[in-house]
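Undergrad: Chains as they are written, first to last, in the numbering used here: chain A, 1 to 241; chain B, 1001 to 1241.
Protein chains: 2
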Amino acid sequence: MSHTYQYPRPALAVDCVVFGVDDEALKVLLIQRAGVAAHGQWALPGGFVHLDETLDEAAARELREESGLSRVFLEQLYTFGQVDRDPRERVVSVAYFALVRMSDHQAKAATDAADARWARVRDIQTPSSGTDPPMLLQLAFDHGEILDTARQRLRNKVRYQPLGFELLPEKFTLRQLQHLYEVVLERPLDKRNFRRKILGMNLLEELAETEQGVAHRAARLYRFDHDRYERLSREGLNFEV
Amino acid sequence: MSHTYQYPRPALAVDCVVFGVDDEALKVLLIQRAGVAAHGQWALPGGFVHLDETLDEAAARELREESGLSRVFLEQLYTFGQVDRDPRERVVSVAYFALVRMSDHQAKAATDAADARWARVRDIQTPSSGTDPPMLLQLAFDHGEILDTARQRLRNKVRYQPLGFELLPEKFTLRQLQHLYEVVLERPLDKRNFRRKILGMNLLEELAETEQGVAHRAARLYRFDHDRYERLSREGLNFEV
DNA sequence: TCAAAAGTGTTGAGCGTACACCCATGC
DNA sequence: GCATGGGTGTACGCTCAACACTTTTGA
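1) Name the chain B residues whose beta carbon is nearer than 8 Å to that of MET239 of chain A?
2) So, do the region 215-222 of chain A and the region 165-174 of chain A have three or more beta carbon pairs nearer to each other than 8 Å?
3) Are LEU12 of chain A and VAL92 of chain A touching if we call contact CB-CB under 8 Å?
4) Anything in the region 21-45 of chain A with a Cβ closer than 8 Å to a Cβ of chain B? List those residues in chain order, please.
5) Please list the partners that PHE48 of chain A has in chain B, where partner means a Cβ-to-Cβ separation under 8 Å.
6) Can you give the Cα-Cα distance for TRP57 of chain A and TYR78 of chain A, rounded to whole angstroms?
7) Under 8 Å between the Cβ atoms of ALA43 of chain A and LEU74 of chain A?
8) Consider the C-beta atom of LEU174 of chain A and the heavy atoms of the ligand COA; say whether any pair is separated by less than 7 Å.
9) Let's see if you can read the secondary structure: which residues bound the beta strand (DSSP E) around LEU29 of chain A?
10) Using 8 Å as the limit for Cβ to Cβ distance, is GLN1161 of chain B near chain A?
11) So which of A:GLN82, A:VAL100, A:GLU230 has the shortest CA-CA distance to PRO325 of chain A?
12) Find out if the Cβ-Cβ distance for the pair SER1128 of chain B, ASP1142 of chain B is shorter than 8 Å.
13) Which residues, in chain order, does the region 1072-1105 of chain B contribute to contact with chain A at a C-beta distance below 7 Å?
14) Quick check on the DSSP output: what are the complete alpha helix (DSSP H) runs of length 4 or more inside the region 1126-1191 of chain B, in order along the chain?
15) Of all the CB atoms in chain B, is at least one closer than 8 Å to the CB of HIS3 of chain A?
16) Which residues mark the beginning and the end of the alpha helix (DSSP H) in which HIS216 of chain A is found?
17) Quick check on the burial criterion: 16 or more other C-beta atoms within 10 angstroms. Buried or exposed for TYR160 of chain A?
18) Would GLN41 of chain A and ALA150 of chain A be called neighbours here (beta carbons separated by less than 8 Å)?
19) Name the chain B residues that come within less than 7 Å of ALA11 of chain A, Cβ to Cβ?
20) Which residue spans inside the region 1012-1092 of chain B form an unbroken beta strand (DSSP E) run of at least 3?
21) Note down, in chain order, every chain A residue with its Cβ under 7 Å from the Cβ of LEU1051 of chain B.
22) Measure the alpha-carbon distance for GLY47 of chain A versus ARG1117 of chain B and round it to whole angstroms.
23) Which class does HIS1003 of chain B belong to by DSSP, given the choice of helix, strand or coil?
24) Can you tell me whether VAL1241 of chain B is helix, strand or coil according to DSSP?
25) Buried or exposed for ALA1218 of chain B, going by 16 or more other Cβ atoms inside 10 Å?
26) Listed in chain order, which residues of the region 1172-1193 of chain B have Cβ atoms closer than 9 Å to some Cβ of chain A?
27) Quick check on ASP1115 of chain B: does DSSP put it in helix, strand or coil?
28) May I have the straight-line CA-CA distance separating GLY1081 of chain B from VAL1094 of chain B, to the nearest angstrom?
29) For ALA1119 of chain B versus ARG1033 of chain B, is the C-beta distance shorter than 8 Å?
30) Does any residue of chain A bring its CB to less than 8 Å from the CB of THR1054 of chain B?
31) Going by C-alpha to C-alpha distance, which of B:PRO1045, B:GLY1164, B:TYR1005 sits closest to HIS1226 of chain B?
32) Using 8 Å for Cβ pairs, my map puts THR54 of chain A next to VAL1083 of chain B. What's the rounded Cβ distance?
33) When you compare only the Cα positions, how much space is there between VAL17 of chain A and LEU29 of chain A?
34) Quick check on the burial criterion: 16 or more other C-beta atoms within 10 angstroms. Buried or exposed for ARG196 of chain A?
35) Between the C-alpha atoms of TYR1007 of chain B and THR4 of chain A, what's the straight-line distance to the nearest angstrom?
Right, dumping it as structure tokens:
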């Protein structure tokens, strides 16, 4: 079956930049392309938009189909429309960025992908890597640029919206939360000031539990209070780290 | 001539939210649709993306063709992809927002538009107008929603990027600049604090001239120093109003 | 001389930042 | 008992916000 239009049209795709954080670093989910174009290269998960779905739905579907992820934080990022960004033909791509709890989700390949893995963001070549790349990973198409845009957005946004909690397990220590912010913001934070500020917002529920299996004093666990955040932000609270 | 593809494709359009400020209020440029779809309704200027142009280029071209504007500040806003946002067929639209000096540009209709005019933003029905609309202007398609998104973006962005100067004449008084910020931010500002803060950034060049033709003491004119801003912002200056 | 807007300083409160030590726990 | 990170308070400087009067100019 084929489809005919009076004027030529670009193909329309979505691509997802899926971030995760572990003890080590900020990571991004990559898939290895199995199809013809850019075969074998590492790329962001994505695919073409269907006529009966919104862009958000297309992004969620691709994420599910290509990497088995569902119920993740997903937000539109930017639309990339360079004429030659795909060598086959004109493809415009609406990029999304997503945040997942790595602990809950193993990277696994699914349809259309030969393989999937979490890669350290700092090991990937992007426009902001500069010109001295010590063997950085090259992504297919303009995905390096898309990743760069996503990283900037994450860095800006994490400061005034409680995105961090999307990346951590439901129960976490203040140390983990601070580490997350340090990884995302790419700078160290002062422990006392960080704790004072975060706790002062009254958005963390202090649990009766502590972490398990550590070779030193166990830290208290906290949980983010989404309901309280919703209520307060309607009244004009501004979350700022 | 017709064009055939293996899978169906949405049409891809760009729409532009063009803001201007005059003595009175924040305005947006609307065109009255001359084509078949939404005939006679007021809408944002826009049109379909050609295969040989980027999205930015398409936005600039449409703005030129439909309203005669060129060399304006233009930035991608968000991509709107609801399935039924256009009743004719599936159309995905990449929205742009633009800032122009109203004093330099009369609104004038061109190709594809029956008429063009500057409308007060607050007279237009948007999702944030609430449910008590005292005869607000309805835009075609989902353009009310697009306008709303653009207004929020402008409000956020004007605070930490010197966008305001795109909306004023080259030479302006501090009164005009403050008025602009008050209109965009939708709240009054303290005169002394505003002047201290703005002048303290050393981004305004104090001219030897004063305004002309006013029935009271004439105010000094200033000019924004783009070069100095470029230099300083590379060194990590943060412009904040 | 009157009307209208230009221009100008000070003070108090709150916030961000810098900084060091004792405590609890597991091994 | 020692290594490791958990947990805690204070002081200073800066920025923000509130606030009112004199000066200049044109009509």
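We put the beta carbon where it would ideally sit given N, CA and C, even for glycine.
TA: According to the structure data:
1) Indexing the first sequence from 1 puts residue 239 of chain A at position 239. Before going on, a small fix: residue 239 of chain A reads as Phe here, not Met. Neighbours of PHE239 of chain A on chain B: none; closest Cβ ~15 Å, over 8 Å.
2) yes
3) Here residue 12 of chain A is taken as the residue at index 12 of the first sequence, counted from 1. Here residue 92 of chain A is taken as the residue at index 92 of the first sequence, counted from 1. In contact: LEU12 of chain A and VAL92 of chain A (Cβ atoms closer than 8 Å).
4) none
5) Numbered from its first residue, the first sequence carries residue 48 of chain A at position 48. Correct list: TYR1007.
6) Here the question's residue 57 of chain A lines up with position 57 in the first sequence. Here the question's residue 78 of chain A lines up with position 78 in the first sequence. It is worth fixing the name first, because residue 57 of chain A is Glu in this sequence and not Trp. Taking the straight line from one Cα to the other gives about 16 Å.
7) Taking the first residue of the first sequence as position 1, residue 43 of chain A is located at position 43. Taking the first residue of the first sequence as position 1, residue 74 of chain A is located at position 74. No. Outside cutoff.
8) This structure lacks the ligand COA; in fact it carries no ligand of any kind.
9) Taking the first sequence and counting its residues from 1, one reaches residue 29 of chain A at position 29. Note, LEU29 of chain A: beta strand (DSSP E), 26-33.
10) For this step, residue 1161 of chain B is matched to residue 161 along the second sequence. With 8 Å as the cut-off, GLN1161 of chain B does not count as an interface residue toward chain A.
11) Nothing about residue 325 of chain A can be reported from this structure: the residues present for chain A run from 1 to 241 only.
12) Your numbering for residue 1128 of chain B matches position 128 in the second sequence. Your numbering for residue 1142 of chain B matches position 142 in the second sequence. No.
13) GLN1076, TYR1078, THR1079, GLY1081, GLN1082, VAL1083, ARG1090, VAL1092, VAL1094
14) 1143-1157, 1164-1167, 1174-1185
15) Taking the first sequence and counting its residues from 1, the one referred to as residue 3 of chain A is at position 3. By this cut-off, HIS3 of chain A is an interface position.
16) Taking the first residue of the first sequence as position 1, residue 216 of chain A is located at position 216. HIS216 of chain A -> no alpha helix (DSSP H), and no H or E assigned at all.
17) The residue given as residue 160 of chain A occupies position 160 in the first sequence. Exposed, since its Cβ has fewer than 16 Cβ neighbours within 10 Å.
18) For the purposes of this step, residue 41 of chain A is taken as residue 41 along the first sequence, with counting starting at 1. For the purposes of this step, residue 150 of chain A is taken as residue 150 along the first sequence, with counting starting at 1. Contact: no.
19) For this step, residue 11 of chain A is matched to residue 11 along the first sequence. Those are ARG1009, listed as they occur along chain B.
20) 1026-1033, 1046-1048, 1073-1080
21) The residue you call residue 1051 of chain B lines up with position 51 of the second sequence. Within chain A, the residues near LEU1051 of chain B are PRO8, PRO10, ARG90.
22) In the first sequence, residue 47 of chain A corresponds to position 47, counting from 1. In the second sequence, residue 1117 of chain B corresponds to position 117, counting from 1. Distance between the alpha carbons of GLY47 of chain A and ARG1117 of chain B: 40 Å.
23) Residue mapping note: residue 1003 of chain B aligns to position 3 of the second sequence, counting from 1. Residue state, collapsed to three classes: strand.
24) By one-based count along the second sequence, residue 1241 of chain B stands at place 241. Looking at VAL1241 of chain B - three-state DSSP - the assignment turns out to be coil, as it is neither helix nor strand.
25) Within the second sequence, residue 1218 of chain B is the residue found at index 218, counting from 1. Exposed, by the Cβ-count rule.
26) none
27) Position 115 of the second sequence, counted from the start, is the residue given in the question as residue 1115 of chain B. ASP1115 of chain B: strand per DSSP, three-state reduction.
28) Here residue 1081 of chain B refers to the residue found at position 81 of the second sequence. Here residue 1094 of chain B refers to the residue found at position 94 of the second sequence. Cα-Cα distance, rounded: 9 Å.
29) In the second sequence, residue 1119 of chain B corresponds to position 119, counting from 1. In the second sequence, residue 1033 of chain B corresponds to position 33, counting from 1. No, they are not a contact pair.
30) Translated into the one-based positions of the second sequence, residue 1054 of chain B becomes position 54. Interface residue, yes.
31) Start at 1 with the first residue of the second sequence, and residue 1226 of chain B comes out as number 226. Selected option, being the one with the closest Cα: B:GLY1164.
32) Walking along the first sequence from the start, residue 54 of chain A turns up at place 54. Walking along the second sequence from the start, residue 1083 of chain B turns up at place 83. Yes, they are in contact, since the Cβ atoms of THR54 of chain A and VAL1083 of chain B sit about 6 Å apart, within 8 Å.
33) Position 17 of the first sequence, counting from 1, holds the residue named residue 17 of chain A. Position 29 of the first sequence, counting from 1, holds the residue named residue 29 of chain A. One C-alpha to the other measures close to 7 Å.
34) By one-based count along the first sequence, residue 196 of chain A stands at place 196. Classification for ARG196 of chain A: exposed.
35) Here residue 1007 of chain B refers to the residue found at position 7 when the second sequence is read from its first residue. Here residue 4 of chain A refers to the residue found at position 4 when the first sequence is read from its first residue. Distance between the alpha carbons of TYR1007 of chain B and THR4 of chain A: 9 Å.
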